[in-house]
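> Residue numbers (this note's numbering), protein chains in the order written: chain S, 80 to 370; chain D, 2 to 271. All residues carry an ideal CB built from backbone N, CA and C; glycine is no exception. Predicted model, so just to flag it, every value in this text is computed and none were measured. Sending over a structure as structure tokens; questions will come in a sec.
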Amino acid sequence: MPEPIATLGIVGAGTMGAGIAQVALLEGLRVLLHDAVESALVRGRSRLARGVARAVERGRVAPDLAEEALGRLETTTRLAEMRGVEFVIECVPEDLALKRQVFAELEGFTAPGTILATNTSSLPISAIAAPLRWPERVAGMHFFNPVAVMPLVEVVAGPRTDPAAADATMALARRLDKTPVRSKDSPGFIVNRVSRHFFLEAQRILEEGRVAHAHIDQVIRGAGRFRMGPFELMDLIGIDVHVAAGKAVFEGFFYEPRFRPHPMLQRMVEAGLLGRKTGKGFYEYPGQDNG
Amino acid sequence: MAEGHTQRKARRILVLGQSPLADALSDLAGAAGLAVHRPPALPESRDELDAIFTDQTRREQYLRHLGDAYREAEVVIEAEASEWMDPELPDTTLVLTAALGHSTAEAADDIHARHRVVGFGVLPPLEAGQMVELAAGPWTEPAALDQAAAFFRELGLETAAVPDGPGLIFPRILCMVINEAAFALMEGVASAADIDTAMKLGTNYPLGPLEWADRIGLDQVLAVLEALQVEYGEDKYRPAPLLRRLVRAGHLGRASGRGFHVYDSGEPPA
């Protein structure tokens, strides 16, 4: 087994990066959190400090331990400071060119043994790793939002990923008290692929015009014991986010008809009906910000 | 309940089918104090059943084999994807057909008292308060729908009216999810255990799709997908070849000791 990791590097201080940093700090790791934009770094730091404070309020962490945890956090706007880190998780936006650029730079700074993980939900690991000199040390590490709450991590090995790198990624996920599963580098991995039909088939039923979306949600909760029906869940995720994920899977499978997105959602995106965050999606959310 | 109160004979229901759903509904009905009758064996196929029903001698033999329960049953439940109903059922009987491998309309079409036929959809494992979907066929009388709702309430289940079609709402959606999980497993994207874990922990499914399929019966899942494929004529409903292969091999899930997962043989699955 490889040595346990002392310092975890996290590139990108957005929702996911800050969430992973929070979990890692509370699990006793040192974290070096990077964002190229100083203000994003400040926001990320205060976001994770709020998360740690919430954990204290709920009695999940002792106040002194929380303080120690925050003491293990360092932040930087200079990627070169990742030099001494043994494991880096990249959490920049889902843009292949951007991710490739981050990895090319990281490869220049870090030791060849450093594992470079990418937190992507929709890009192929293989494509992110391909231009590198050592693509075998790149693995996917797909966390779910909110990171502090969701226990799953999909660990993705591409065709060139070294099995030892995948194993080390599994070990890190367990170290973060998450439950890792192994997935091949296939569009949507497991969750975003299999769950497509929960949404798509509901849209097909709605499209037939014989039953209202609220009734479908009610049946799915009552008959299937799901916590949320497909339409309320899409509103929560954000219709635009959901559409983007659906398109990625459809395109990734070269337009396999099973994954064909429904035009209904595209119209909603164009109309600005994005779900809870805009105050209206399939349902209306009075009091939510409208715009 | 009080001593001296007229001892009423328990009302009879007949449950047709050998699926886990048939077992689960029989258990609930038994617990609710109904006299549940289940014919020990059914013909191999609908074709064979049709042959029996078109031959008067064989028909009488078959109905004798089902016993008096058939004529006396207040409710006859076809609790699996296949059709087993006698076309000549008396029109006092309430006929509940699982709208899985067919719509309510298709099941009712063969039956003389087709106004008495109500489609239902629910999948095991069943628990108290779970919702059963009820669908009227084109000829169903409102009284039959009301009776169906009252019957399921007596079993401790809730009901919701939904439009007719193969798989209604929840079984249709879940079977499509299961089919995708079967494709992913077949393609080696992940192990069966990891697929189930991922869906439970990554998106809060109450059960993993593959273990769920093992509880429902893989033949039942396949029947829903095949019926959808026929109904819509679309490739998207194409069943995963792995699902077909498992059904063909008799690996139907927990009840047969093996489905997507392997269960300890010998002891009944918990």
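If you pair each beta-carbon of the segment 183-191 of chain D with each one of the segment 159-172 of chain D, do three or more pairs fall below 8 Å?
Output reads no: the segment 159-172 of chain D does not touch the segment 183-191 of chain D.
> So what does S200(S) bridge to, in DSSP terms?
None; S200(S) has no bridge partner.
> Is there a C-beta anywhere in chain S that falls below 8 Å from the one on A214(D)?
Cβ-Cβ to chain S under 8 Å: no for A214(D).
> If you compare alpha carbons, which of G308(S), H321(S) and I168(S) is closest to L158(S)?
I168(S)
> Which residues bound the beta strand (DSSP E) around R246(D)?
Not the beta strand (DSSP E): R246(D) falls in the alpha helix (DSSP H), residues P242 to R249.
> Going straight from the alpha carbon of D265(D) to that of R216(D), what length do you get?
14 Å
> With 8 Å as the threshold, decide whether the Cβ of V320(S) is near any Cβ in chain D.
no
> Taking all protein chains shown into account, do 16 or more other C-beta atoms lie within 10 angstroms of the C-beta of V121(S), making it buried, or fewer, making it exposed?
So V121(S) counts as exposed.
> Quick one: what does DSSP say S205(S) is sitting in, helix, strand or coil?
helix
> Between the alpha carbons of G5(D) and D92(D), how many angstroms are there, rounded?
The predicted position of G5(D) is uncertain, since its pLDDT is 41 and thus under 50; a value taken from the coordinates is nonetheless stated next. Distance between the alpha carbons of G5(D) and D92(D) is about 34 Å.
> Starting from R346(S), follow the alpha helix (DSSP H) in both directions and report where the run begins and ends.
P342 to E349
> Applying a beta-carbon distance threshold of less than 8 Å, which residues of chain D neighbour Q282(S)?
Per Cβ cutoff of 8 Å: no residues; Q282(S) is ~10 Å from chain D at best.
> Under 8 Å between C-beta atoms, does E363(S) make it to chain D?
Chain D contact via Cβ: absent.
> Do you know offhand how far E61(D)'s Cα is from E107(D)'s?
24 Å
> Can you find a CB in chain S that lies within less than 8 Å of the CB of M200(D)?
yes
> R154(D): which of D165(D), G130(D) and P172(D) sits nearest, CA to CA?
G130(D)
> Hey, could you find the ends of the alpha helix (DSSP H) H262(D) is sitting in?
Per DSSP, H262(D) belongs to no alpha helix (DSSP H) and is neither H nor E.
> Identify the residues that DSSP records as bridge partners of H38(D): which are they?
L15(D)
> Less than 8 Å between CB atoms is the rule here; does L156(D) satisfy it with respect to chain S?
no
> For Y162(D), does the three-state DSSP call read helix, strand or coil?
The sequence shown places Ala at residue 162(D), rather than the Tyr named in the question. Looking at A162(D) - three-state DSSP - the assignment turns out to be strand.
> Can you find a CB in chain D that lies within less than 8 Å of the CB of Q345(S)?
no
> Output the boundary residues of the alpha helix (DSSP H) element that contains L97(D).
Here L97(D) belongs to no alpha helix (DSSP H); instead the beta strand (DSSP E) covers L95 to A99.
> Counting Cβ pairs, one atom from each stretch, are 3 or more of them under 8 Å apart for the segment 112-127 of chain S and the segment 139-156 of chain S?
yes
> Please classify V133(D) as buried or exposed, where buried requires at least 16 neighbouring CB atoms within 10 angstroms.
buried
> Look at the Cβ atom of Q381(S), then the Cβ atom of M343(S), and state whether they are nearer than 8 Å.
There is simply no residue 381(S) to check, as chain S begins at 80 and stops at 370 in what is shown.
> How would you write the range of the alpha helix (DSSP H) that E215(S) sits in, first residue to last?
Where E215(S) is concerned, there is no enclosing alpha helix (DSSP H), given that its DSSP letter is neither H nor E.
> With distance defined between alpha-carbon atoms, name the residue in S83(D), F54(D) and T141(D) nearest to V225(D).
S83(D)
> For the alpha helix (DSSP H) holding R139(S), just list the boundary residues, first then last.
That residue, R139(S), is in no alpha helix (DSSP H); it is neither H nor E in DSSP.
> Quick check on this structure: which residue in I99(S), R129(S), F329(S) and K359(S) has the alpha carbon closest to the alpha carbon of T197(S)?
Taking only the C-alpha atoms, the option nearest T197(S) is I99(S).
> Is there at least one Cβ from chain D nearer than 8 Å to R180(S)'s Cβ?
The identity of residue 180(S) in the sequence shown is Gln, whereas the question assumes Arg. No, Q180(S) lies away from the interface with chain D (no Cβ there is under 8 Å from its Cβ).
> Which residues of chain S have a Cβ atom closer than 8 Å to the Cβ of E181(D), listed in chain order?
Under the 8 Å cutoff, chain S gives R272, V273, R275, H276 and R337.
> Decide if A85(S) is buried, meaning its Cβ has at least 16 other Cβ atoms within 10 Å, or exposed.
exposed
> Got a sec: is the Cβ-Cβ distance from P191(S) to anything in chain D below 8 Å?
no
> The beta strand (DSSP E) spanning H113(S) covers which residue range?
It spans R109 to H113 - the beta strand (DSSP E) in which H113(S) sits, taken as one unbroken run.
> Examine the ligand HEM and report whether any of its heavy atoms sits within less than 7 Å of the Cβ of R245(D).
The ligand HEM is absent from the structure shown, which contains no ligands of any kind.
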